[in-house]
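Visitor: For the sequence shown, the numbering used here begins at 0 and goes up steadily by one.
My structure is below; once you've seen it, I'll send some questions.
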Amino acid sequence: MEMDTWKYFGITHADHTLMNPMSLTKTEEIIDRLCLPDSGRVLDVACGKAEFLCLVAERYEVAGTGLDASPITIEEARKNVAARGLNGRIRLLHMDGAKYEPDRGAALDLASCIGASWIYQGHEGTLEALSRMVRPGGLVLVGEPFWRTEPDPEYLKLTGQGADHYGTHASNVQTGVNLGLSCLYTAVSNQDDWDRYEGLRWQAAERYAAAHPDDPDVEELLQTSNKNRDAYLRWGRDCLGWAMYLFRKPGNIRP
C-alpha cells in the first residue's frame, strides 16, 4: 500500500511556512511589486498554508481566496489565517483548483499559482487559466521550475521526470509573452534557498520517523525522502532552478 501523497507532503513540509524554494525576502520583494488597489480581489491556487495570501493581505487592503486540495495543509492554512486575524478577508476552500470557477462579473486583480502548474497541465496551461480569471490590466503570478542545464538521464530516471517537463528560465518568460502577457518581474531562487527548502524536508521526515516508529508508512517515507535527497545533491542542485514570474494581462491598469 502506497503512502498517501498529502500525508507525505504534510510531513515533509511541517517546518515550511512558504511551501516552495523561494526565500521570504524574495517573496516579499515580489509582493511589493504587485501594487494592488484597495478593495482588490486575489486568488491563490494551491495556497498551501496560505502564507503568501496572508502576506499579501497584510501589505494591501484586499480580499483573498485560497484553494488547496490537501486536507492537511488546508487546516494549517486555516490556523494561519485565524492567528493573523484575517478570517474576514481571506476565504479558504478545500478543493481541486482546476475545478474552481470565479464569481461571475467580479474579475480578479491577481491570480497566482506558485509551484503547482500540474493542476493546469503545465506552465502554459497555468498562465492561460489564470489570465482568463483576471480583469484587463490584472496580474498573473506563477512559480515554476526551469532547467539551468540539461538534466542527466539518470536524474530523470530516478525522479520520474522528462526533459520536456520544464523549459528554461527564458522560455518560461517567453511562454507568457506568446500568450499576450507582459512580463513585469522575475525572482529566482539561489542555491541557499534550495538548500534550505530541501534540508527542512529531510529533517522533518527524520523527526517524524523517530517520533512515530509504529507508523506503517515510516519505511516508505524515509525511502522516498532519501531518494529525493540523493537526487537533489547529486544532480538537482546544479541542473534545476526555480523562479516566480509576474505577468500583466493587457488592459487599463486599475487606479
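Ideal placement from N, C-alpha and C gives every residue a C-beta, glycine not left out.
Taking Cβ positions, are G47 and L17 nearer each other than 9 Å?
Guide: Numbered from 1 along the sequence shown, position 48 holds the residue referred to as residue 47. Numbered from 1 along the sequence shown, position 18 holds the residue referred to as residue 17. Yes. Within cutoff.
Visitor: Could you work out which residue in V80, A203, F145, G175 is closest to L138 when comparing CA atoms only?
Guide: By 1-based counting over the sequence shown, the position of residue 138 is 139. Among V80, A203, F145, G175, the Cα nearest to that of L138 is on G175.
Visitor: Confirm, please, whether the CB-CB distance from L221 to P205 is below 9 Å.
Guide: The sequence position of residue 205 within the sequence shown is 206, counting from 1. The sequence position of residue 221 within the sequence shown is 222, counting from 1. The displayed chain sequence assigns Glu, not Pro, to residue 205. Yes, Cβ-Cβ distance for E205 and L221 is below 9 Å.
Visitor: Could you tell me whether the segment 208-218 touches the segment 146-165, where touching means 3 or more Cβ pairs closer than 8 Å?
Guide: Judged by Cβ distances under 8 Å, the segment 208-218 makes no contact with the segment 146-165, as fewer than three pairs qualify.
Visitor: If you run the structure through DSSP and keep just helix, strand and coil, what is G286?
Guide: Because the chain spans 0 through 254 in this model, residue 286 falls outside it and cannot be assessed.
Visitor: For M2, collect the residues of the same chain with a Cβ closer than 8 Å to its Cβ; drop the 5 residues on either side in sequence, then sort them by chain order.
Guide: Here residue 2 is taken as the residue at index 3 of the sequence shown, counted from 1. Counting only Cβ-Cβ distances below 8 Å, and skipping sequence neighbours, we find D216, E219, L220, T223.
Visitor: Can you give me the Cβ contacts of E28 inside the same chain, cut-off strictly under 8 Å, excluding the 5 residues immediately before and after it?
Guide: Numbered from 1 along the sequence shown, position 29 holds the residue referred to as residue 28. Excluding positions up to five away in sequence, the list reads A186.
Visitor: What's the C-alpha gap between L107 and N86?
Guide: Counting from 1 along the sequence shown, the entry for residue 107 is found at position 108. Counting from 1 along the sequence shown, the entry for residue 86 is found at position 87. Going from the Cα of L107 to the Cα of N86 covers about 19 Å.
Visitor: Would N171 be called buried (16 or more neighbouring beta carbons within 10 Å of its own) or exposed?
Guide: Looking up residue 171 in the sequence shown gives position 172. It counts as buried.
Visitor: Just to confirm, are L180 and P101 a CB contact at a threshold of 9 Å?
Guide: What you label residue 180 is simply residue 181 of the sequence shown in a count that begins at 1. What you label residue 101 is simply residue 102 of the sequence shown in a count that begins at 1. Their beta carbons are not under 9 Å apart, which means L180 does not touch P101 by this criterion.
Visitor: What's the C-alpha gap between N189 and A105?
Guide: Within the sequence shown, numbered from 1, the residue matching residue 189 stands at position 190. Within the sequence shown, numbered from 1, the residue matching residue 105 stands at position 106. Rounded to whole angstroms, N189 to A105 spans 37 Å at the Cα level.
Visitor: In the segment 19-87, which residue ranges form an unbroken beta strand (DSSP E) of at least 3 residues, counting only runs that do not cross its ends?
Guide: Those beta strand (DSSP E) runs which fall completely within the segment 19-87 and span 3+ residues are 39-44, 61-67.
Visitor: Compare the C-beta of V172 with all C-beta atoms of chain B and state if any pair is closer than 9 Å.
Guide: Note that chain B does not occur in the displayed structure, where there is just one protein chain.
Visitor: Considering just the uninterrupted stretch of the alpha helix (DSSP H) at T223, what are its terminal residues?
Guide: Mapped onto the sequence shown, residue 223 falls at position 224. Run containing T223: 217-230, per the alpha helix (DSSP H) assignment.
Visitor: K25: which of R247, G235, G142 sits nearest, CA to CA?
Guide: On the sequence shown, position 26 is the one that residue 25 refers to. Taking only the C-alpha atoms, the option nearest K25 is G142.
Visitor: When you compare each of R131, N251, R88 to A97 by their alpha carbons, which one comes out closest?
Guide: For the purposes of this step, residue 97 is identified with residue 98 of the sequence shown, where counting begins at 1. Ranking the options by Cα distance to A97, first place goes to R131.
Visitor: Whose CA, out of Y184, Q173, H211, W241, lies closest to the CA of D191?
Guide: Here residue 191 refers to the residue found at position 192 of the sequence shown. Nearest C-alpha to D191: W241.
Visitor: Around the C-beta of S38, are 16 or more other C-beta atoms found within 10 angstroms, so that it is buried, or is it exposed?
Guide: For this step, residue 38 is matched to residue 39 along the sequence shown. Label assigned to S38: exposed.
Visitor: Just to check my reading of the structure: M243 and L155 have Cβ atoms closer than 8 Å, yes? What is that Cβ distance to the nearest angstrom?
Guide: In the sequence shown, the residue the question calls residue 243 occupies position 244. In the sequence shown, the residue the question calls residue 155 occupies position 156. That belief does not hold up - the Cβ atoms of M243 and L155 are roughly 24 Å apart, past 8 Å.
Visitor: Does DSSP classify D108 as helix, strand or coil?
Guide: Start at 1 with the first residue of the sequence shown, and residue 108 comes out as number 109. Here D108 sits in strand by DSSP.
Visitor: When you compare the CB positions of D43 and I118, do they come within less than 9 Å of one another, or not?
Guide: Walking along the sequence shown from the start, residue 43 turns up at place 44. Walking along the sequence shown from the start, residue 118 turns up at place 119. For D43 and I118, no; Cβs fall outside 9 Å.
Visitor: What is the rounded straight-line gap between the Cα of P212 and the Cα of T72?
Guide: Mapped onto the sequence shown, residue 212 falls at position 213. Mapped onto the sequence shown, residue 72 falls at position 73. Using only the alpha carbons, I get a separation of about 23 Å.
Visitor: Could you tell me the distance, in whole angstroms, from the CA atom of R103 to the CA atom of Y207?
Guide: Translated into positions along the sequence shown, residue 103 becomes position 104. Translated into positions along the sequence shown, residue 207 becomes position 208. Straight-line Cα distance between these residues: approximately 44 Å.
Visitor: Have a look at D229 and N251 and give me their C-alpha separation to the nearest angstrom.
Guide: Residue numbering aside, residue 229 sits at position 230 when the sequence shown is read from its first letter. Residue numbering aside, residue 251 sits at position 252 when the sequence shown is read from its first letter. So the alpha carbons of these two residues sit roughly 48 Å apart.
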